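Chemist: Just so we're aligned: the sequence shown equals residues 1 to 429 in UniProt numbering.
Glycine included, each C-beta is placed from N, C-alpha and C at the ideal position.
Nothing here was measured: the structure is a model prediction, and the numbers come from that model.
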Amino acid sequence: MTVGIIGAGITGLALAHHLDGTETEYVVLEADDQPGGVIRSGRVDGYLLEWGPQRLRRTGPVDELVTDLGLDGEVIEAGDTKLFVYADGDLRRAPFTIEEFGHTDLLSWRGKLDVLKEPQTAPADPEETAAEMFTRKFGEEAYENLIGPLFGGTYGSLPERMPVKHSLSGVLRMEEKYGDLLTPVLKRAMAGGSSAPAMSFEEGVQQLPTALYEAHRENVHLETPVTGIREDGAGYVLETDDESFEVDDVVVTTPAEVSADLLAPLTESADALRRLNYNPLAFVHLRADSDRDGFGYQVRHDEDLDTLGVSWNASMFGRTGRSDDGADEAGGVYTVFLGGMKKPELLEESDETLGDIGATEFAEVMGTGAEVLSVNKLDRGFPAYDASWDALEEFETPDGIHLATNYTARMGVPSRIREAKALAERFAE
Ligand SMILES: Cc1cc2nc3c(=O)[nH]c(=O)nc-3n(C[C@H](O)[C@H](O)[C@H](O)COP(=O)(O)OP(=O)(O)OC[C@H]3O[C@@H](n4cnc5c(N)ncnc54)[C@H](O)[C@@H]3O)c2cc1C
């Protein structure tokens, strides 16, 4: 059996890795001239910047790849989860352990009691929004000051526009398993706050897809966009500009609008994929001197800032500068996120304006000046997981076609790798 994999992002490459050495043959076709998809790392003026994920969780499936690829020596682990919320004019530490919950100034005693009463509330309703569900179950204060900024910040999104059924399927499963949501939260808090440490690599997150590509490059074709998928007997032909590839099954890992185009000749329902919203996102990479320790902060929704959140790459992974001759440069990297579902119109601003906003607001919050290293825009950044996901109910997957994507399943890199591995196991069966 031969599988055609469209896209050499982390999903396509992890699938290739897990198919390698099995009886299933595969070919990966990638439009871009480099592997990794939205995972992009690189140096600007000697500073290592991330234009996609800033970090990933070192879960079992990630660790397996790290070991298989001999990347152990390249891993950088961040310390304890130390995240802040900017609220009422100050950075306040988000609690992840019992002790931190006791001390946090993000919640009053009444707010803390509301959190502890969660098991008495009615179960999450798939039809309510994430904001309604969190407010109803954990109280308004916990939602506004803590859960809203952290959950919304992860997706550059507004939880009041994210139905539970589209954005929190994992939470629904967790509630079913434990009977409530507080029990698993407390279990995690008692275990120290996080199930897996945050990590990156010496040369950034993209080192992982690059190493996957290097290990399997004989079956991965870069700069080879798939222009069409044609039925051919019991299988398919993948068309590219120069060559056609005959395969039995096809795994599609491309962004929703590309998948809609490719699948349109095979199913009328492909149009549904075109209706999925993505949140636009701008990144402003800054160089600054700060001795703040932690992962970064998210901004509470009602604060008068355009900044959604800031990643402290300098403190998390020691991202300081390095000149061409190897000498240390001053300061470290901070990544400001702008736009998102809250203010998509910001992406119409010039790079210069975005840089100014990022640096000025950073100085206001952190109390230290910053210099802009780079400004970038992603018109289609994060999947929005909003009401437009209703469209997926109309989508019918043609036989022999498999969608392995972050809009049909979970978004995080560990989840993408886990899905790829499970799919490889299904092919093996
Ligand atoms: C800005 C940002 C920040 C994120 N932060 C985090 C984080 O901190 N932690 C975390 O765990 N996750 C994070 N994520 C999520 C995670 O990075 C993504 O969900 C994941 O990398 C998606 O990988 P993928 O392979 O499924 O898709 P993609 O990376 O989108 O890969 C799809 C590939 O298909 C290719 N392609 C497109 N058209 C064609 C065609 N016609 N023919 C062939 N190939 C084609 C594309 O070039 C691309 O390489 C973030 C995502 C973004 C965008």
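Suppose the cutoff is 6 Å on Cβ atoms and the five residues either side in sequence are ignored; what does the same chain contact list for residue 407 look like?
Modeler: 256, 276 and 383
Chemist: With a cut-off of 8 Å on the beta carbons, I'd call residue 158 and residue 342 a contact; round off their distance for me.
Modeler: 6 Å
Chemist: Using DSSP bridges, identify the partner residues of residue 245.
Modeler: 238
Chemist: So residue 404 and residue 423 are in contact, right, with Cβ under 8 Å, and what is the actual spacing, rounded?
Modeler: 6 Å
Chemist: Quick check: is any heavy atom of ligand 1 less than 7 Å from the C-beta of residue 63?
Modeler: No, ligand 1 has no heavy atom inside 7 Å of this Cβ.
Chemist: Would you list, in sequence order, the uninterrupted beta strand (DSSP E) runs of no fewer than 3 residues that lie entirely inside the segment 366-411?
Modeler: 370-383 and 401-403
Chemist: So residue 340 and residue 281 are in contact, right, with Cβ under 8 Å, and what is the actual spacing, rounded?
Modeler: Rounded to whole angstroms, the Cβ separation of residue 340 and residue 281 is 6 Å, and the two are in contact under 8 Å.
Chemist: Taking contact to mean 3 or more Cβ pairs, one atom from each stretch, closer than 8 Å, check whether the segment 50-59 and the segment 183-190 are in contact.
Modeler: no
Chemist: Report yes or no: do three or more beta-carbon pairs, one from the segment 209-224 and one from the segment 77-84, lie closer than 8 Å?
Modeler: no
Chemist: Taking C-beta to C-beta, are residue 215 and residue 17 nearer than 8 Å?
Modeler: Cβ atoms of residue 215 and residue 17: closer than 8 Å.
Chemist: Sorry if obvious, but does the Cβ on residue 171 come closer than 7 Å to a heavy atom of ligand 1?
Modeler: For residue 171, the shortest C-beta to heavy atom distance toward ligand 1 is 7 Å or greater.
Chemist: Quick check on the burial criterion: 16 or more other C-beta atoms within 10 angstroms. Buried or exposed for residue 364?
Modeler: exposed
Chemist: Between residue 332 and the rest of its own chain, which residues show a CB-CB distance below 6 Å, the 5 nearest in sequence each way excluded?
Modeler: 314, 319 and 320
Chemist: Say yes only if the C-beta of residue 110 is nearer than 7 Å to one or more non-hydrogen atoms of ligand 2, and no if none qualify.
Modeler: Of the ligands this structure carries, namely ligand 1, none is ligand 2.
Chemist: I need the straight-line Cα distance from residue 292 to residue 237, nearest angstrom please.
Modeler: 54 Å
Chemist: Per DSSP, residue 29 forms a beta bridge with which residues?
Modeler: 6 and 221
Chemist: Just to confirm my understanding: we take residue 418, look at its own chain, exclude 5 residues before and 5 after, and list those with CB closer than 8 Å. What are they?
Modeler: Sequence-distant partners of residue 418 (beyond 5 residues in either direction) whose C-beta falls short of 8 Å from its own C-beta, in its chain, are 59 and 61.
Chemist: Between which two residues does the beta strand (DSSP E) holding residue 77 run?
Modeler: Residues 75-77.
Chemist: What are the boundary residues of the beta strand (DSSP E) that residue 229 is part of?
Modeler: 228-232
Chemist: Taking Cβ to Cβ, would you say residue 161 is nearer than 8 Å to residue 129?
Modeler: The answer is yes: Cβ separation under 8 Å.
Chemist: Among the residues of its own chain, which have a CB less than 6 Å from the CB of residue 245, if the five just before and after it don't count?
Modeler: 4, 27 and 238
Chemist: Assign residue 301 to one of three DSSP states: helix, strand, or coil.
Modeler: coil
Chemist: Please state the DSSP three-state secondary structure of residue 105.
Modeler: coil
Chemist: How big is the Cα-Cα spacing for residue 199 and residue 385?
Modeler: Our two residues, residue 199 and residue 385, have alpha carbons roughly 26 Å apart in a direct line.
Chemist: Write down the C-beta distance between residue 87 and residue 71 rounded to the nearest angstrom, noting that I regard them as a contact closer than 8 Å.
Modeler: Not a contact, Cβ separation roughly 38 Å.
Chemist: Going by the DSSP bridge assignment, what does residue 336 pair with across the sheet?
Modeler: Beta-bridge pairing links residue 336 to 284 and 310.
Chemist: On the CB-based measure, 16 or more other CB atoms within 10 Å of its CB, does residue 35 come out buried or exposed?
Modeler: buried
Chemist: Taking Cβ to Cβ, would you say residue 247 is nearer than 8 Å to residue 2?
Modeler: yes
Chemist: Does ligand 1 have a heavy atom nearer than 7 Å to the CB of residue 382?
Modeler: Correct: residue 382 has its Cβ closer than 7 Å to ligand 1.
Chemist: Since residue 305 and residue 361 should fall inside the 8 Å C-beta cutoff, what is the C-beta to C-beta distance between them, to a whole number of angstroms?
Modeler: 5 Å
Chemist: Could you tell me if residue 109 is buried or exposed, where buried requires 16 or more neighbouring beta carbons within 10 angstroms of its beta carbon?
Modeler: exposed
Chemist: With DSSP collapsed to three states, give me the class of residue 209.
Modeler: In the structure shown, residue 209 adopts helical secondary structure according to DSSP, grouped into three states.
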